[in-house]
Structure formats: C-alpha cells, structure tokens
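Numbering (the numbering used here), first residue to last: 173 to 733. C-beta: ideal position from N, C-alpha, C; glycine also. These numbers were taken from a predicted model, which means no experiment stands behind them.
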C-alpha cells in the first residue's frame with residue numbers, strides 16, 4: 173500500500189486542526205453551566221447520545237484527513253487515560269492539552285527547539301505537582317463529598333447524599349456499580365457482592381459497547397479448574413441453561429481457541445448468552461477461590477479431584493447470582509445465591525485458622541511462610557465478607573438515564589479521588605493560582621524558559637473557559653480574584669458569588685487535577701517533538717473510469733427475467 177510522508181510545519185498544522193476539532197467540541201460542556209452535546213448514534217434509527225462527558229464526546233470525533241485524525245486521536249487518548257484512572261477530569265485534560273499545543277506551535281515556528289520546549293514543560297510539571305500535593309486540603313467529610321459530587325454531576329439533586337452513604341458503608345476501597353434504574357428516582361442498595369481482577373477472554377462478549385461491559389442478568393455460573401478445549405463438552409449444560417432462558421458465566425482455568433471460537437459464534441448468533449473469564453488467584457490460591465465463589469453463589473466447584481466430567485455437570489451444580497458485570501479488567505458478581513449459614517461457618521473456621529497462625533512461636537514455620545499463610549486466610553475472609561453497592565440511576569427516558577449515569581459515575585470517581593489525595597478550589601481557580609508558582613521558576617536556557625511560559629498560560633485556560641460558558645466576563649472574574657489575593661477564594665458560576673471554596677462547595681479533587689495536567693503535558697510533549705508523519709495513502713486507482721452515471725446505466729433490473 174502506498175504511503176504519504178508529511179514534514180515539519182505542515183504536519184504540526186494538521187495535528188492542530190485535529191486537536192481543535194475535538195477540544196472545541198468538548199470545551200462547551202466545561203463547568204457546571206456548560207451545555208450538553210448531542211451525538212448521532214452509530215446505528216441509523218437509534219436514539220442519539222445526549223452527553224456532557226468529555227471522553228464520550230472525544231471518542232465520537234474522527235477526521236477524514238488521516239494526519240488531522242492523529243491529532244484528534246492524541247486528545248482521545250488523553251481523555252481515555254484520565255477517564256480510566258480517575259473517571260473525571262477528561263474535559264480539563266483536553267482543554268489544557270489544546271492550550272499547551274496552541275502556545276507551542278508559534279514558538280516552534282519562531283525557532284525555539286521542540287525538545288527544549290518539552291524539557292521546560294516537564295520542569296514546570298514537577299514544580300506544579302509538588303505544589304498541588306502541598307496545597308491539598310485533606311480530611312474530606314461527607315458534606316464535602318456531596319459538594320464534589322454536585323460539581324461533577326452538574327448539580328444533580330440528591331446524588332451527593334447517596335454517594336456519601338455509599339462511601340460510609342463501603343469505604344474508599346469498596347465497589348459501587350451503576351446500572352439503569354426502573355423508576356424516576358435514584359436508588360442505592362448495599363448487597364452481597366464480589367469483585368476480582370480478571371476480565372472477559374474476548375471483547376466480543378461485550379453486551380454494552382458504550383461502557384465496554386458484558387452484563388448478565390440472573391445468570392448461572394460454572395466453576396471449573398481445568399482448561400476447556402472442546403465446545404462439545406459444554407453443549408449439555410449450555411442446552412439446559414438455554415431451556416431456563418438464562419445466561420451463563422463460565423469461570424475456568426482457560427478456554428482454548430477452538431472452544432472459545434464456538435462460544436463467540438453462538439453468542440453472536442444469540443444461541444447461547446455466555447461470557448468466559450478466568451478465576452481469581454494463582455496456583456493453590458485459585459482452587460480455594462473457586463470453592464469460595466461457588467459457596468457464595470450456591471454452586472459447586474468442578475475440580476479435577478472430584479472426577480466429574482464437564483459434559484456431566486448439571487444445573488444443580490451451577491452457582492447463581494442476581495447480576496454479573498464483566499469488563500476488560502474486572503469481574504463483578506452481585507447478589508450471590510449461596511446459603512449465609514454455610515458462608516458464616518467457613519468464615520468462622522478461617523478466623524480460627526488465622527488465630528492459630530498468629531499464635532505460632534518462633535521456629536514454628538518460616539516467618540515468610542507464616543506471613544504468606546496469614547495473608548491467604550485474610551484474603552479469603554475479605555472475599556467471603558464482600559459487600560458492594562448498586563446505584564440504580566433513575567430518569568424518565570433511556571436517553572436521560574444514560575446521560576445521567578455517566579455524570580453520576582464521574583461524581584463518584586471524583587469523590588473517591590478526593591478522599592484519597594485531598595481537594596483544592598474548583599471552577600478552574602485551583603489551576604489559575606498555580607500559575608503564580610511558575611513566576612519563581614527562572615531557567616537560563618531561553619527555549620526551556622519558553623516551555624515554562626507555555627504551561628503557565630495553559631493553567632489560566634480552564635478558568636477562562638468556565639467563565640465564558642457561564643456567560644461571565646473572564647477578565648472581570650480574573651480581576652476580582654486578583655483583588656481578593658486569597659488562594660481559597662473561588663467563584664460559583666451558578667450564583668456568580670465569590671467566597672471560600674469549601675463554603676461555596678466549588679471543589680476539585682487534587683488527584684484528578686494532577687492527572688489531567690500530567691496527561692496534557694505528556695501528550696503535547698510527544699506531539700511537538702515529532703517532525704515527520706508517515707501514513708498510508710488510499711489507492712484510488714481501482715476506481716479509475718468508474719462514475720455514478722456508469723454504475724446507474726449498467727445496473728441490472730432485479731425484476732427482469
């Protein structure tokens with residue numbers, strides 16, 4: 173296939189066009205007063221997507237020009253990285269990246285060296301990250317969580333209170349899942365649940381492409397400690413599950429290509445609704461985890477020691493749950509149907525085992541071995557005592573519910589990040605205040621100093637964008653903040669009131685802000701140090717001589733005999 177090579181300024185200009193197309197579309201949603209964006213569904217006839225989520229908008233944009241699309245792709249990657257790690261802050265990252273790129277391009281054209289510019293940007297980033305950590309206000313309370321959630325969800329009423337209840341019940345490390353509700357009101361329910369780090373064996377099992385999840389409602393669950401190499405071994409149990417009209421989650425040591433291909437073909441055709449995953453743990457731990465999961469779901473682990481063949485497994489040996497959600501990296505089992513009395517008995521035995529390990533005297537086993545045994549018992553206890561939250565998002569229509577669910581998830585992730593690393597003034601003011609720190613950073617190398625100036629300018633852009641979206645005069649906002657001369661003062665764009673950020677409830681997470689800044693600097697640094705772009709060029713010669721008129725004139729009449 174022929175290739176196309178683009179050099180220097182021409183390549184960067186095309187990069188910039190792609191960046192602007194994404195950033196200009198995303199930035200209109202920024203801040204609590206930012207409007208939404210309507211995206212046509214990829215399938216004709218389906219309801220369009222209505223969203224204020226930066227990463228959703230960015231992913232929907234692609235450019236016809238391949239080099240422009242590389243620039244757009246960089247912002248899509250920035251948004252995706254921030255979304256995966258923090259859940260929120262995607263729009264902030266995109267706006268910062270656009271601002272940094274806008275300032276770098278004319279400087280490179282003026283003769284400043286791209287590598288030196290990047291070095292200056294990296295120096296600025298080190299100073300800013302240190303200052304963010306030092307300025308973080310920690311000890312986040314339930315009241316703060318409600319306020320943080322209000323910002324991230326665009327002031328959704330009642331959501332912050334439910335999220336605060338979830339953190340109170342589950343803690344920061346607990347698992348909270350989100351699903352479409354069946355009523356107008358939001359509902360939070362704390363249920364028995366398990367989540368472990370594995371994922372679907374193939375993305376073709378995905379049932380919800382927008383969220384990249386495979387969701388099974390009221391499934392049976394097969395626990396198997398060996399490889400499954402032939403689909404025919406599963407046909408018997410698959411037929412029984414199909415008669416019951418329910419899906420099947422297969423947790424097995426592995427599913428080999430031949431069997432996996434068969435499962436995927438039948439899944440795509442709708443013959444069998446299945447998802448295949450690996451079990452948690454490794455080695456001997458994996459057997460214990462399979463047994464524990466089977467107990468919690470009221471099933472039986474089909475182990476090699478039991479001599480039970482896969483083709484002889486019955487419905488009575490399968491576990492059951494209310495819901496299973498599988499992503500690329502996690503398996504979440506909600507509402508297992510196991511008997512609580514049996515679970516309590518096993519937990520009691522494990523607690524006794526832990527006490528025995530702790531009472532071992534020096535010389536009774538190696539310190540490393542004892543520590544390993546205790547850790548294994550504690551991990552099993554944590555799994556068996558698993559609790560998780562289910563947040564059912566309410567609304568009037570599916571479009572409304574799906575749009576709200578994205579924002580509520582962002583609110584949850586922002587609140588979680590705040591609990592982990594603290595908070596700072598929101599509304600773009602936290603980043604604006606950081607710009608003052610760079611005034612103190614003076615470097616002898618002129619090119620590197622310009623890199624610092626680039627980042628300094630970019631720090632002001634989020635505040636300008638939020639003010640503009642709220643219909644405020646950005647220069648007036650900055651003037652009033654300068655007169656206040658207090659780093660805790662911010663502006664509430666809903667009421668146009670200035671005051672302490674904690675009292676106003678205009679709060680951002682330090683972790684989210686830091687991640688957005690780091691991602692923006694990193695991606696633009698990569699962009700500006702690329703001088704040549706090599707892409708494939710489409711071969712149009714195969715269409716030479718063809719025209720719409722010729723195609724219409726030579727089309728056969730399907731009604732003719």
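Looking at 632, 287, 589 and 505, the one whose alpha-carbon comes closest to that of residue 260 is 589. Secondary structure of residue 585 (DSSP, three-state): helix. In this chain, residue 504 is not harboured by any alpha helix (DSSP H); it is covered by the beta strand (DSSP E) spanning 503 to 508. With a 10 Å radius around the Cβ and a threshold of 16 neighbouring Cβ atoms, residue 440 comes out exposed.
Selection 380, 200, 263 and 432 evaluated against residue 500 yields 380 as nearest (Cα-Cα). Inclusion of residue 332 and residue 626 in the CB contact set at 9 Å is not warranted, their separation being larger than that value. Apart from the 5 residues on each side of it in sequence, residue 363 sits with its Cβ closer than 8 Å to the Cβ of 494, 506, 507, 559, 560, 561 and 562 in its chain, given in chain order.
The beta-carbon separation of residue 692 and residue 272, rounded to 6 Å, stays under the 8 Å limit for a contact.
In the three-state reduction of the DSSP assignment, residue 612 falls in the coil class.
The C-alpha of residue 195 lies about 41 Å from the C-alpha of residue 390.
Taking the C-beta atoms as reference points, residue 509 is found nearer than 9 Å to residue 492.
Residue 234 counts as exposed, since fewer than 16 other beta carbons sit within 10 angstroms of its beta carbon. As the crow flies, the alpha-carbon of residue 687 is around 45 Å from that of residue 406. Within the DSSP bridge table, the entry for residue 350 names 563 as partners. DSSP, read as helix, strand or coil, puts residue 495 in strand. With respect to the C-alpha of residue 638, the residue from 199, 178 and 193 having the closest C-alpha is 199. When rounded, the separation of the alpha-carbon atoms in residue 250 and residue 484 is 49 Å. A straight line joining the alpha-carbon of residue 394 with that of residue 422 spans about 5 Å. DSSP, read as helix, strand or coil, puts residue 328 in coil.
When the Cα atoms are used, residue 287 and residue 667 turn out to be separated by approximately 44 Å. Taking C-beta separations shorter than 6 Å and ignoring five residues to either side along the sequence, the partners of residue 594 in its chain run 308, 309, 310 and 682, following chain order. Each of 665, 449 and 459 was checked against the Cα of residue 376, and the nearest Cα belongs to 449.
Using a 10 angstroms sphere on the CB of residue 278, the tally of other CB atoms stays under 16, which defines it as exposed.
A residue is called buried once 16 or more other Cβ atoms fall within 10 Å of its Cβ, and residue 219, having fewer, is exposed. Between residue 384 and residue 447, the gap from beta carbon to beta carbon reaches 9 Å or more. Following the DSSP letters along the chain, one finds residue 597 inside the beta strand (DSSP E) bounded by residues 595 to 597. As the crow flies, the alpha-carbon of residue 698 is around 42 Å from that of residue 365. Of the residues assessed, residue 306 falls on the exposed side of the cut-off, its CB having fewer than 16 other CB atoms within 10 angstroms. Excluding its 5 nearest sequence neighbours in each direction, residue 684 has C-beta neighbours in its own chain below 7 Å: 258, 260, 261, 586 and 589, listed in chain order. Taking the CA atoms as reference points, residue 470 sits about 16 Å from residue 519.
Taken in chain order, the complete beta strand (DSSP E) segments of 3 or more residues contained in the segment 430 to 470 are 446 to 449. Judged by pairs of C-beta atoms under 8 Å, the segment 566 to 573 touches the segment 348 to 361, as three or more such pairs exist. DSSP places residue 397 in the uninterrupted beta strand (DSSP E) bounded by 392 to 400. The closest CA to that of residue 335, considering only 497, 436 and 579, is found on 579.
Within the model, the alpha-carbon separation for residue 503 versus residue 472 is close to 19 Å. Closest by C-alpha distance to residue 455, out of 548, 247, 186 and 417, is 548.
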